[in-house]
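J.:
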Ligand code: F6R
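In the UniProt record's numbering, the protein residues as written are 244 to 607.
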């Protein structure tokens, strides 16, 4: 049921503050302000040398964000690859090590095959999964549930931010287990997560401003998305969302890669979406923006109040709530979903059932 929404995708975007809250409640002891993993899914990250993560599509991008967190907060090295590459790459895997698969449907053929491959190598299997009755949920040793509810729109939205929420909680747990984070660090990071649904609701209020950008994006042949650090995988996700439902060619890049090739594409006709909260990486991204502006590129900057004050020559600046850097991927995911959605609906495509795509990819 779409309720009052025109599309499932719109409804699912709007539901995110609520379902991310539900998901976090499964991983946080709210009264203590500490991480508490669901029953039967406890894991001691101190026992691991490395963590292997694998997934497809949007779920893979959630894994890319998680790599930054596990490495920063837990000093735990992460091997990550797309599921269709992981197995064939034959990475050296440690028996007794942990493989973490991420999947909304729990039925994606390549992700399932990777699960079985890792199991055959003697690894333990953890799964961040949305459908609790799915094959991946059944075959995993440890299930870390996302509580996004049924996701109908083919383009993943709420499952993604719920995956990020679960992975954030796991990374904090890993940081504590490995003695990298103190209890004070833990409670600070947990309180940032607890605040998140409220900030997400605030970010969704940018919708009317984002909708106005649809006319510009609908005319574009190519769109670039740039970000650094954890904003880089969100740039990849932004480009994927736009491609999937509007059929406009889009690419996500690490902002620092711009001058290594993609800047050749930039002219007045190319919108360049920049995801840049005002964090220690902002200044670097700002100099990439200047390179784009100098070539006439139309910069659409998603940032916070402090970043907006340093925006320079942007075509449009959209100001998100100021947040602890750790939670920004969950926050910046929302406007890029809305941008793809409004561009696609403006163009009249079938956003819930885009051409050539299936909700669950059960062939390799
Ligand atoms: C993108 C999208 C796909 C899925 C991918 C993995 O919007 O929906 O890229 O993320 O097919 O699917 P799951 O998570 O079901 O394994």
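All residues carry an ideal CB built from backbone N, CA and C; glycine is no exception. These numbers were taken from a predicted model, which means no experiment stands behind them.
Take the Cβ of residue 580 as the centre, count every other Cβ of all protein chains shown within 10 Å, and call the residue buried at 16 or more, exposed below.
T.: Sequence index remark: in the chain shown, residue 580 carries index 337 (1-based). When all chains shown are included, residue 580 counts as buried.
J.: Can you round the beta-carbon distance between residue 440 and residue 261 to whole angstroms, since I take them to be within the 8 Å contact cut?
T.: As a first step, residue 440 must be located in the chain shown, where it is residue number 197. As a first step, residue 261 must be located in the chain shown, where it is residue number 18. That pair is a contact at about 7 Å.
J.: Rounding to the nearest angstrom, what Cα-Cα distance links residue 362 and residue 342 in this structure?
T.: Here residue 362 is taken as the residue at index 119 of the chain shown, counted from 1. Here residue 342 is taken as the residue at index 99 of the chain shown, counted from 1. For residue 362 and residue 342, the distance between alpha carbons rounds to 9 Å.
J.: Can you find a heavy atom of the ligand F6R that lies under 8 Å from the Cβ of residue 346?
T.: Counted from its first residue, the chain shown places residue 346 at position 103. Yes, the ligand F6R has a heavy atom inside 8 Å of this Cβ.
J.: Taking only the alpha-carbon atoms, compute the straight-line gap between residue 563 and residue 418 and give it to the nearest angstrom.
T.: As a working note, residue 563 is residue 320 in the chain shown. As a working note, residue 418 is residue 175 in the chain shown. So the two alpha carbons sit approximately 28 Å from each other.
J.: Determine contact between the segment 304 to 315 and the segment 433 to 450, defined as no fewer than three beta-carbon pairs at a distance below 8 Å.
T.: no
J.: Using only CA atoms, which one of 360, 557, 388 lies nearest to residue 513?
T.: Locating residue 513 in the chain shown gives position 270, where the first residue counts as 1. When only C-alpha atoms are compared, the closest one is 557.
J.: Count Cβ pairs between the segment 448 to 456 and the segment 365 to 381 that sit closer than 8 Å; are there 3 or more?
T.: no
J.: Per DSSP, which one or two residues make a beta bridge with residue 322?
T.: On the chain shown, residue 322 is found 79 positions in, with the first residue counted as 1. In DSSP, residue 322 forms a bridge with 295.
J.: How big is the Cα-Cα spacing for residue 577 and residue 258?
T.: Within the chain shown, the letter at position 334 stands for residue 577. Within the chain shown, the letter at position 15 stands for residue 258. One C-alpha to the other measures close to 11 Å.
J.: Here's a check: name, in chain order, each residue in its chain whose Cβ is nearer than 8 Å to the Cβ of residue 407, leaving out the five neighbours to either side.
T.: As a working mapping, residue 407 is identified with position 164 in the chain shown. Cβ neighbours of residue 407 beyond the five flanking positions: 305, 308, 309, 572, 573, 576.
J.: Please state the DSSP three-state secondary structure of residue 428.
T.: Working through the chain shown from its first residue, we reach residue 428 at position 185. Three-state result, residue 428: helix.
J.: When the distance is taken between beta carbons, is residue 346 closer than 9 Å to residue 371?
T.: As a working note, residue 371 is residue 128 in the chain shown. As a working note, residue 346 is residue 103 in the chain shown. In contact: residue 371 and residue 346 (Cβ atoms closer than 9 Å).
J.: If you measure between the beta carbons of residue 497 and residue 470, is that distance less than 9 Å?
T.: By 1-based counting over the chain shown, the position of residue 497 is 254. By 1-based counting over the chain shown, the position of residue 470 is 227. It is a contact, given that the beta carbons lie within the stated cut-off.
J.: Under 7 Å Cβ to Cβ from residue 592, same chain only, skipping five residues before and after it: list those, please.
T.: The residue given as residue 592 occupies position 349 in the chain shown. Closer than 7 Å at the Cβ level, and outside the excluded window around residue 592, lie 488, 489, 490.
J.: So for residue 368, helix, strand or coil by DSSP?
T.: One-based indexing of the chain shown puts residue 368 at position 125. DSSP places residue 368 in strand when its eight states are reduced to three.
J.: Where does the unbroken beta strand (DSSP E) through residue 489 begin, and where does it stop?
T.: As a working note, residue 489 is residue 246 in the chain shown. Run containing residue 489: none in the beta strand (DSSP E); it sits in the alpha helix (DSSP H), 474 to 489.
J.: Does the beta-carbon of residue 618 have 16 or more other beta-carbons within 10 angstroms, so that it is buried, or is it exposed?
T.: Within the shown structure, residues of the chain are numbered from 244 to 607, placing residue 618 beyond reach of any answer.
J.: Can you tell me whether residue 633 is helix, strand or coil according to DSSP?
T.: For the chain, the structure presents residues 244 to 607; residue 633 sits outside this window and is missing.
J.: Are the Cβ atoms of residue 520 and residue 482 separated by less than 9 Å?
T.: Residue 520 sits at position 277 when you count from the first residue of the chain shown. Residue 482 sits at position 239 when you count from the first residue of the chain shown. Taking 9 Å as the Cβ cut-off, residue 520 and residue 482 do not qualify as a contacting pair.
J.: Going straight from the alpha carbon of residue 326 to that of residue 472, what length do you get?
T.: Stepping through the chain shown from its first residue, residue 326 is reached at position 83. Stepping through the chain shown from its first residue, residue 472 is reached at position 229. So the alpha carbons of these two residues sit roughly 22 Å apart.
J.: How about residue 402: is its Cβ closer than 8 Å to a heavy atom in the ligand F6R?
T.: Your numbering for residue 402 matches position 159 in the chain shown. Yes.
J.: Would you grab the beta carbon distance between residue 278 and residue 412 for me? Rounded to a whole angstrom, and I think it's under 8 Å.
T.: Position 35 of the chain shown, counting from 1, holds the residue named residue 278. Position 169 of the chain shown, counting from 1, holds the residue named residue 412. Sure, about 5 Å apart at Cβ, within 8 Å.
J.: Compute the Euclidean distance between the alpha carbons of residue 344 and residue 357, then round it to the nearest angstrom.
T.: Here residue 344 refers to the residue found at position 101 when the chain shown is read from its first residue. Here residue 357 refers to the residue found at position 114 when the chain shown is read from its first residue. C-alpha separation (whole angstroms): 8 Å.
J.: Would you check whether the ligand F6R has a heavy atom nearer than 8 Å to the C-beta of residue 603?
T.: Indexing the chain shown from 1 puts residue 603 at position 360. For the ligand F6R, at least one heavy atom lies less than 8 Å from the Cβ of residue 603.
J.: To the nearest angstrom, report how far apart residue 373 and residue 539 are at their CA atoms.
T.: Counting from 1 along the chain shown, the entry for residue 373 is found at position 130. Counting from 1 along the chain shown, the entry for residue 539 is found at position 296. So the two alpha carbons sit approximately 43 Å from each other.
J.: Check this for me: beta carbons of residue 369 and residue 385, under 9 Å apart or not?
T.: Locating residue 369 in the chain shown gives position 126, counting from the first residue. Locating residue 385 in the chain shown gives position 142, counting from the first residue. Cβ distance < 9 Å, so residue 369 and residue 385 count as in contact.
J.: Per DSSP, which one or two residues make a beta bridge with residue 514?
T.: Locating residue 514 in the chain shown gives position 271, where the first residue counts as 1. In the DSSP output, where bridge partners are listed per residue, residue 514 has 541.
J.: For residue 549, which residues in the same chain have their Cβ closer than 6 Å to its Cβ, ignoring the five residues on either side in sequence?
T.: Stepping through the chain shown from its first residue, residue 549 is reached at position 306. Cβ neighbours of residue 549 beyond the five flanking positions: 521.
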